[in-house]
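Trainee: One structure coming up, written as structure tokens, with questions to follow.
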Amino acid sequence: MADALDLKTRGYPGTYKLIGGTTVLDFANLVSYRGTSRAHDWLDPATNLRRWADAAGVPTALGAGTEALRDLRELLARIFLAVADGETPDASDIERLGAFATDAAGRRRLDFADGAQAASWVPRRDSLLDRLALDAAEMLTSPETLRKISACGECRWLYLDTTRNHSRRWCDPADCGNRARQRRHYRRSRPTGATR
Numbered sequence: 060m061a062d063a064l065d066l067k068t069r070g071y072p073g074t075y076k077l078i079g080g081t082t083v084l085d086f087a088n089l090v091s092y093r094g095t096s097r098a099h100d101w102l103d104p105a106t107n108l109r110r111w112a113d114a115a116g117v118p119t120a121l122g123a124g125t126e127a128l129r130d131l132r133e134l135l136a137r138i139f140l141a142v143a144d145g146e147t148p149d150a151s152d153i154e155r156l157g158a159f160a161t162d163a164a165g166r167r168r169l170d171f172a173d174g175a176q177a178a179s180w181v182p183r184r185d186s187l188l189d190r191l192a193l194d195a196a197e198m199l200t201s202p203e204t205l206r207k208i209s210a211c212g213e214c215r216w217l218y219l220d221t222t223r224n225h226s227r228r229w230c231d232p233a234d235c236g237n238r239a240r241q242r243r244h245y246r247r248s249r250p251t252g253a254t255r
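Under our numbering, residue 255 is the last one in the sequence shown; the count climbs by one each step, no gaps.
Here it is as structure tokens:
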């Protein structure tokens, strides 16, 4: 489905792919197997952030420090995993994201470029944190987008399910989908009564 990014792994055997369908979800996915013993933080080392931003096509200055971006990443993950699970995100998380987005919106200016057909909002300080906060807030206000948010049944990475019947189950059929199929095959082929 997607090619693996060239991120430093610090010995972690997995790969990171841009599978979210939006920059916000891809950013939230910068932790593999969140909350498990297999968890891996793709922002370690911090140099991976610039590599990720370049690969994700985010032409912004990083601006905020890595810790502030990690905090935003975890906030986005909590909110959008709740949405994917059909739950209402925690009110304090929504309020916090709203504060980030409000601050970011206050740093924009209205610009009507020469020859343009309409004016547009232009960031005064185009930072990654501002862009992610504004994009996430926009996603949360779109019922159509929210209906498409799903989480992989295997690794819990987030993605927009754009299939016609909302049937996508894995982040990438070649990765998590293959592991799930292998486990099913193993269970079916085990002799009855066999123990682990």
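Backbone N, C-alpha and C define an ideal beta-carbon position, used for all residues, glycine too.
Treat the numbers as computed from the prediction; the structure is a model and nothing was measured.
Measuring only the C-alpha atoms, how far is proline 56 from arginine 97?
Mentor: The requested residue 56 is not part of the displayed model; the chain covers only 60 to 255.
Trainee: Under 8 Å: do the region 184-194 and the region 213-222 share three or more Cβ pairs, one atom per stretch?
Mentor: Verdict: no, contact absent.
Trainee: Within its chain, find whatever has a CB closer than 6 Å to the CB of arginine 168; leave out the 5 residues flanking it on each side and keep chain order.
Mentor: For the purposes of this step, residue 168 is identified with residue 109 of the sequence shown, where counting begins at 1. Once the five neighbours on either side are set aside, the close Cβ partners of arginine 168 are Val181, Arg183.
Trainee: So, is lysine 207 buried or exposed, given that buried needs 16 or more other C-beta atoms within 10 angstroms?
Mentor: Position 148 of the sequence shown, counted from the first residue, corresponds to residue 207. By the 10 Å Cβ count, lysine 207 comes out buried.
Trainee: Given this structure, state the Cα-to-Cα distance separating aspartate 170 from alanine 177, to the nearest angstrom.
Mentor: In the sequence shown, the residue the question calls residue 170 occupies position 111. In the sequence shown, the residue the question calls residue 177 occupies position 118. Rounded to the nearest angstrom, the two C-alpha atoms are 9 Å apart.
Trainee: DSSP on serine 91, reduced to helix/strand/coil?
Mentor: For the purposes of this step, residue 91 is taken as the residue at position 32 of the sequence shown. Reduced to three states, the DSSP call for serine 91 is strand.
Trainee: Beta carbon of arginine 227: closer than 7 Å to some heavy atom of the ligand HEM?
Mentor: Ligands are entirely absent from the displayed structure, and the ligand HEM is therefore not among its contents.
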